[in-house]
Structures are given as C-alpha cells and as structure tokens.
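Enquirer: Position 33 of the sequence shown, counting from 1, maps to 680 under my numbering, and the rest follow consecutively.
Note that beta-carbon positions come from the ideal geometry of N, C-alpha and C, so glycine has one too.
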Amino acid sequence: MSRVCELTGKGRQVGHNVSHANNKTKRVFLPNLQNVSLISDALGRTVRLKVSTHGLRSVEHNGGLDNWLVKTRDEKLSLKARRLKRDIKKKLNAATAA
648 MSRVCELTGK
658 GRQVGHNVSH
668 ANNKTKRVFL
678 PNLQNVSLIS
688 DALGRTVRLK
698 VSTHGLRSVE
708 HNGGLDNWLV
718 KTRDEKLSLK
728 ARRLKRDIKK
738 KLNAATAA
C-alpha cells in the first residue's frame, strides 16, 4: 500500500539531508498518515480510511466526511473515496427526491 492520503492525495516528497559540511544525500519526507474511522451521516455507518492529519483537520473544518467528499474533486480522491462519494451523492439525491 502506498503512503498516500485517501482524501487529500498528499504523498511522499523527496529532498536532501544537508550535513554541516554541506554534503547532500537523498531522503524522503513521508506524510503523517493515520488509520481512522470516520462517520458518514448520509450512509449511517463508519468508514475506515488512511488519512493524513492535515486531511483529518480539513474534514473536521468542513463539517464532516460527507461535506468534504461532496466538495472535493475526484482527481484528489482515492478509488475507495470516490466510491464512497458516489454512494453518498446517491443517498442525498434520494433523500431530496423523496
């Protein structure tokens, strides 16, 4: 499994370790990923996702998982998150139609 946030698409970055003598060696900066259970109000269940702490703060700021997924473009989301977004949209459309 790659080290990429399923909600924001934040992944690893490449840089240098720089010594006191200014020698540069390659290194990677990994995102702070956490396995979390987020509650979907529309679906009425919890969803397990691998999310960065930045993504988790963004979800809370936007008022929950459902609002975050509806507002976010599909290019940033993982396949699992896109499927979840589709299910949430179906459920919300069915609720407004009824």
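When DSSP builds the beta bridges, which residues end up paired with residue 686?
Expert: Answer by DSSP bridge pairing, in chain order: 693.
Enquirer: Does the separation of the CB atoms of residue 650 and residue 685 fall below 8 Å?
Expert: Their beta carbons are not under 8 Å apart, which means residue 650 does not touch residue 685 by this criterion.
Enquirer: Classify residue 698 as buried or exposed, calling it buried when 16 or more other Cβ atoms lie within 10 Å of its own Cβ.
Expert: It is buried - the Cβ of residue 698 has at least 16 other Cβ atoms within 10 Å.
Enquirer: Which residue or residues does DSSP assign as beta-bridge partners of residue 672?
Expert: BP columns for residue 672 point to 664.
Enquirer: Have a look at residue 721 and residue 702 and give me their C-alpha separation to the nearest angstrom.
Expert: Their Cα atoms are separated by approximately 15 Å.
Enquirer: How far does the alpha helix (DSSP H) with residue 713 in it reach, from first residue to last?
Expert: Counting along the chain, the alpha helix (DSSP H) containing residue 713 begins and ends at 712-718.
Enquirer: Considering Cα atoms alone, identify which of 715, 740, 688 is closest to residue 729.
Expert: Residue 729 has its Cα closest to that of 715, out of 715, 740, 688.
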